[in-house]
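Numbering (full-length UniProt numbering), first residue to last: 1 to 182.
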């Protein structure tokens, strides 16, 4: 795991067919969202990788963004892959009606505890030293980057690790386990 990964901020400009990603103290980079799969196959940029142990096929987004990611995270050999449209994954459950989960981890929903994220932000030196950013604004931005579907404010950090279920109104959610990406 790489804590600095959640400092990468993506912004999608759907009308322009672009995604811009930014990282503190670096110039942002733009990536086209309109990559033809047939063109990708002919230029040998079709890749195989694993997501939570499942083999997936993706389209490599190119050397420029790969170099940018390597510089931002200080890790060599990184690549950005886009999922192929015809590549499907389903949740690993005993439910025969399991839904497609795309490139999400192991479940349709991701719960984020604000207390746990606040605890984490105190552990990442790059965030602690960003004095120019108000702490509550920084926390909100980090919570957004985890891309949670359900955001809760539990009494203590890491409380959610002991939960087996969650009920909101008339809807009951079963906890599948911790998110390995997070």
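Idealized CB from N, CA, C, for every residue including glycine. Given the structure is predicted, the values throughout are model-derived calculations rather than measurements.
Is residue i buried or exposed, if buried means 16 or more other CB atoms sit within 10 Å of its CB?
{"i": "residue 7", "result": "buried"}
{"i": "residue 111", "result": "buried"}
{"i": "residue 242", "result": "Examination of residue 242 is not possible in this model, given that the chain is present from 1 through 182 alone."}
Would you list the residues sitting across from residue i in a DSSP beta bridge?
{"i": "residue 172", "result": "167"}
{"i": "residue 117", "result": "DSSP lists no partner for residue 117."}
{"i": "residue 26", "result": "Note: residue 26 sits in no beta bridge, so no partner."}
{"i": "residue 135", "result": "Per DSSP, none; premise fails for residue 135."}
{"i": "residue 13", "result": "18"}
Straight-line CA distance for residue i to residue j?
{"i": "residue 114", "j": "residue 126", "result": "19 Å"}
{"i": "residue 148", "j": "residue 80", "result": "21 Å"}
{"i": "residue 82", "j": "residue 19", "result": "12 Å"}
{"i": "residue 165", "j": "residue 172", "result": "7 Å"}
{"i": "residue 28", "j": "residue 118", "result": "26 Å"}
{"i": "residue 139", "j": "residue 146", "result": "11 Å"}
{"i": "residue 144", "j": "residue 66", "result": "23 Å"}
Among the options, whose alpha-carbon lies nearest the alpha-carbon of residue i?
{"i": "residue 120", "options": "16, 157 and 62", "result": "157"}
{"i": "residue 61", "options": "32, 72, 75 and 74", "result": "32"}
{"i": "residue 168", "options": "23, 151, 135 and 144", "result": "151"}
{"i": "residue 10", "options": "22, 2 and 16", "result": "22"}
{"i": "residue 2", "options": "14, 73 and 26", "result": "73"}
Comparing the C-beta of residue i with each C-beta of chain B, is any distance below 8 Å?
{"i": "residue 29", "result": "Protein chain content of the structure displayed is limited to a single chain, and chain B is not contained in it."}
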